[in-house]
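Input: a single structure, listed below in structure tokens.
2 protein chains.
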Amino acid sequence: MYKPLFDHIEKFIVLEPSEIDKLESTLTLSKIKKKEHVLEEGQICSTIYFIIKGCIRQYIINSKGAEQTLQFGIENWWITDYLSYHNHIPSSFYLQAVENTEVIAIEKTVLEALLIEIPSLERYFRIVSQKTFGAMQMRIKFLFTMSAEERYHHFNDHFPEFVQRVPQYMIASYLDFSAEFMSKIRAGKV
Amino acid sequence: MYKPLFDHIEKFIVLEPSEIDKLESTLTLSKIKKKEHVLEEGQICSTIYFIIKGCIRQYIINSKGAEQTLQFGIENWWITDYLSYHNHIPSSFYLQAVENTEVIAIEKTVLEALLIEIPSLERYFRIVSQKTFGAMQMRIKFLFTMSAEERYHHFNDHFPEFVQRVPQYMIASYLDFSAEFMSKIRAGKV
DNA sequence: CGAATTTCTTGAAGTAGTTCAAGTTTTTAC
DNA sequence: GTAAAAACTTGAACTACTTCAAGAAATTCG
Numbered sequence: 001m002y003k004p005l006f007d008h009i010e011k012f013i014v015l016e017p018s019e020i021d022k023l024e025s026t027l028t029l030s031k032i033k034k035k036e037h038v039l040e041e042g043q044i045c046s047t048i049y050f051i052i053k054g055c056i057r058q059y060i061i062n063s064k065g066a067e068q069t070l071q072f073g074i075e076n077w078w079i080t081d082y083l084s085y086h087n088h089i090p091s092s093f094y095l096q097a098v099e100n101t102e103v104i105a106i107e108k109t110v111l112e113a114l115l116i117e118i119p120s121l122e123r124y125f126r127i128v129s130q131k132t133f134g135a136m137q138m139r140i141k142f143l144f145t146m147s148a149e150e151r152y153h154h155f156n157d158h159f160p161e162f163v164q165r166v167p168q169y170m171i172a173s174y175l176d177f178s179a180e181f182m183s184k185i186r187a188g189k190v
Numbered sequence: 001m002y003k004p005l006f007d008h009i010e011k012f013i014v015l016e017p018s019e020i021d022k023l024e025s026t027l028t029l030s031k032i033k034k035k036e037h038v039l040e041e042g043q044i045c046s047t048i049y050f051i052i053k054g055c056i057r058q059y060i061i062n063s064k065g066a067e068q069t070l071q072f073g074i075e076n077w078w079i080t081d082y083l084s085y086h087n088h089i090p091s092s093f094y095l096q097a098v099e100n101t102e103v104i105a106i107e108k109t110v111l112e113a114l115l116i117e118i119p120s121l122e123r124y125f126r127i128v129s130q131k132t133f134g135a136m137q138m139r140i141k142f143l144f145t146m147s148a149e150e151r152y153h154h155f156n157d158h159f160p161e162f163v164q165r166v167p168q169y170m171i172a173s174y175l176d177f178s179a180e181f182m183s184k185i186r187a188g189k190v
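Chain order of the listed sequences is G and D. Residue numbers for the first sequence follow the UniProt record's numbering, so the first one is 1 and each next one is one higher. Residue numbers for the second sequence follow the UniProt record's numbering, so the first one is 1 and each next one is one higher.
Structure below.
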């Protein structure tokens, strides 16, 4: 049931059997229905989510009242608002299930205790976080150097199944252009 | 001499005296001259830099041959290409000193050994990396929701000394608009 | 199933930015 | 201190995208 998380952890570190037991006894699985929020703007985010199945997006509502997706999380990704989580300040973001989703939700206090009991988890989270940061650096690069059309094709080439999986207007805003323009790109009218 | 780093580490974790000694004996200070590179596109990045004094920027050369600054690092920041570092793949970026800069440069092999000898450093790097990731999430938000003029004023309000410190064209590209447009914003001609 | 809702498409008009080219000012380096 | 290089400014022409409005298609759900 928590196998995807253990598999992911074991890509980076080795856990003792006793640590596996400890971890297993602490975790709980939650189900989030499509469109349900696990975080809303203004709330303090004190939970970190590991996605077992489904998809969660981080989005904001911009000054024109439109939703803008900033990030997607899918299977085997951690997602949270790290700034709100670490600094204990109100979040600027929404976290919402794009599909019916199953997550392991870990409260900050629970995770802090786990990290003290299983110090090698610090290493796991350090590596995962640095790798995710590296991916974000590339994302900034793509946003800065590619045209809207290039960004669409690049994303579509790398994640074709994902493009089928979520509404196009979410992908459009994630790639920083309008849903209408995406429609025109897809139709070859640009 | 390494005090800024120890001060920074001690904001997040407690080190034993023996660990301080160990760390101190491992570190070396390097000086990087203005405009000198510590990483060039295509190289594999196997070093992580802590900036004691000065400024380093991460930039790319876009398809039109123009430099585009993606990130700045100043005093008390760690900077590297995390994707190249972790995945051992050629970097997409340049890392260049914007001013004469002093850094603690730690080789990956040295850092790996240190992390084994001083496990609590895992915790330090985990926290720093997650916080930096949180800051990057906000950066994406600003890029997505503010106009060029808003981004300029926001940045100028938050980092007025920094805006004085580095060439304007680097800030313009960091904020994702042209140097000419920045000139017009500053002159109030927009 | 059928109604309601959500998502996608299309064209026309508008605009926030870029690009180019040339001149001016500031900084660097011998 | 002065020549060269780097950084900044300005205006005019252009363009990659947005916005709006309306209709069509697909999906959801009682």
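We put the CB at the ideal spot given by N, CA and C, even for glycine.
Exposure label - D:GLU157; buried when at least 16 CB within 10 Å: Within the second sequence, numbered from 1, the residue matching residue 157 of chain D stands at position 157. Just to set this straight, residue 157 of chain D is Asp in the shown sequence, not Glu. With fewer than 16 neighbouring CB atoms inside 10 Å of its own CB, D:ASP157 falls in the exposed class.
Beta carbon proximity, G:ASN62 to chain D, threshold 8 angstroms: Translated into positions along the first sequence, residue 62 of chain G becomes position 62. Closer than 8 angstroms to some Cβ of chain D, the Cβ of G:ASN62 qualifies, so yes.
Beta carbon proximity, D:ASP176 to chain G, threshold 8 angstroms: Along the second sequence, one-based indexing puts residue 176 of chain D at 176. Chain G, which has a Cβ nearer than 8 angstroms to the Cβ of D:ASP176, makes this yes.
Which of helix, strand or coil DSSP assigns to G:ALA148: On the first sequence, residue 148 of chain G is found 148 positions in, with the first residue counted as 1. When DSSP states are grouped into helix, strand and coil, G:ALA148 belongs to the helix group.
CA nearest to the CA of G:HIS86, picked from D:THR80, D:ILE185, D:LEU115, D:GLN130: For the purposes of this step, residue 86 of chain G is taken as the residue at position 86 of the first sequence. The candidate whose alpha carbon is nearest that of G:HIS86 is D:GLN130.
Expected contact under 8 angstroms - CB spacing of D:GLU102 and D:LYS53 to nearest Å: The residue given as residue 102 of chain D occupies position 102 in the second sequence. The residue given as residue 53 of chain D occupies position 53 in the second sequence. With a beta-carbon spacing of about 4 angstroms, D:GLU102 and D:LYS53 fall inside the 8 angstroms limit used to define contacts.
Residue from G:VAL98, G:VAL110, G:ARG126, G:SER173 with nearest C-alpha to G:PHE12: For the purposes of this step, residue 12 of chain G is identified with residue 12 of the first sequence, where counting begins at 1. Ranking G:VAL98, G:VAL110, G:ARG126, G:SER173 by CA distance to the CA of G:PHE12 puts G:ARG126 first.
Boundaries (first-last residue) of the beta strand (DSSP E) holding G:VAL103: As a position in the first sequence, residue 103 of chain G is number 103, starting the count at 1. First-last of the beta strand (DSSP E) with G:VAL103: 101-107.
Extent of the continuous beta strand (DSSP E) to which G:PHE50 belongs: Looking up residue 50 of chain G in the first sequence gives position 50. For G:PHE50, the enclosing beta strand (DSSP E) stretches over residues 47-53.
Residues that D:ILE89 bridges to, as DSSP identifies them: As a first step, residue 89 of chain D must be located in the second sequence, where it is residue number 89. Answer by DSSP bridge pairing: none, since D:ILE89 is not bridged.
Endpoints, the alpha helix (DSSP H) within which D:GLU19 is located: As a working mapping, residue 19 of chain D is identified with position 19 in the second sequence. Membership of D:GLU19 in the alpha helix (DSSP H) is indicated by the continuous run 17-26.
Proximal residues, the segment 79-107 of chain G versus chain D, C-beta separation under 8 angstroms: Flagged, chain order: ASP81, TYR82, LEU83, SER84, TYR85, HIS86, ASN87, SER92, PHE93.
Cβ pair D:ILE60, G:THR145 closer than 8 angstroms: Counting from one through the second sequence, the residue named residue 60 of chain D turns up at place 60. Counting from one through the first sequence, the residue named residue 145 of chain G turns up at place 145. Yes, these two residues count as a Cβ contact at 8 angstroms.
Beta-carbon gap between G:LEU70 and D:LYS141 smaller than 8 angstroms: Position 70 of the first sequence holds residue 70 of chain G. Position 141 of the second sequence holds residue 141 of chain D. Yes.
Chain G within 8 angstroms of D:ALA135, Cβ atoms only: Within the second sequence, the letter at position 135 stands for residue 135 of chain D. D:ALA135 has a beta carbon lying within less than 8 angstroms of a beta carbon in chain G.
DSSP bridge partner residues for D:PHE72 (one or two, in chain order): Walking along the second sequence from the start, residue 72 of chain D turns up at place 72. Note: D:PHE72 sits in a beta bridge opposite D:ARG57.
Among D:VAL14, D:GLU112, D:THR47, the one whose alpha carbon lies nearest that of G:ARG123: Mapped onto the first sequence, residue 123 of chain G falls at position 123. Minimum Cα distance to G:ARG123 is reached at D:GLU112.
Cα-Cα separation between D:PHE181 and D:VAL166, rounded to whole angstroms: Taking the second sequence and counting its residues from 1, one reaches residue 181 of chain D at position 181. Taking the second sequence and counting its residues from 1, one reaches residue 166 of chain D at position 166. Here the C-alpha atom of D:PHE181 lies approximately 17 angstroms from the C-alpha atom of D:VAL166.
8 angstroms Cβ cutoff met for D:GLU117 and D:SER46: Translated into the one-based positions of the second sequence, residue 117 of chain D becomes position 117. Translated into the one-based positions of the second sequence, residue 46 of chain D becomes position 46. No; because the gap between Cβ atoms is not below 8 angstroms, this pair is not in contact.
Helix, strand or coil at G:GLU41 [DSSP, three-state]: Position 41 of the first sequence, counting from 1, holds the residue named residue 41 of chain G. Per DSSP, reduced to three states, the secondary structure at G:GLU41 is coil, with no helix or strand assignment.
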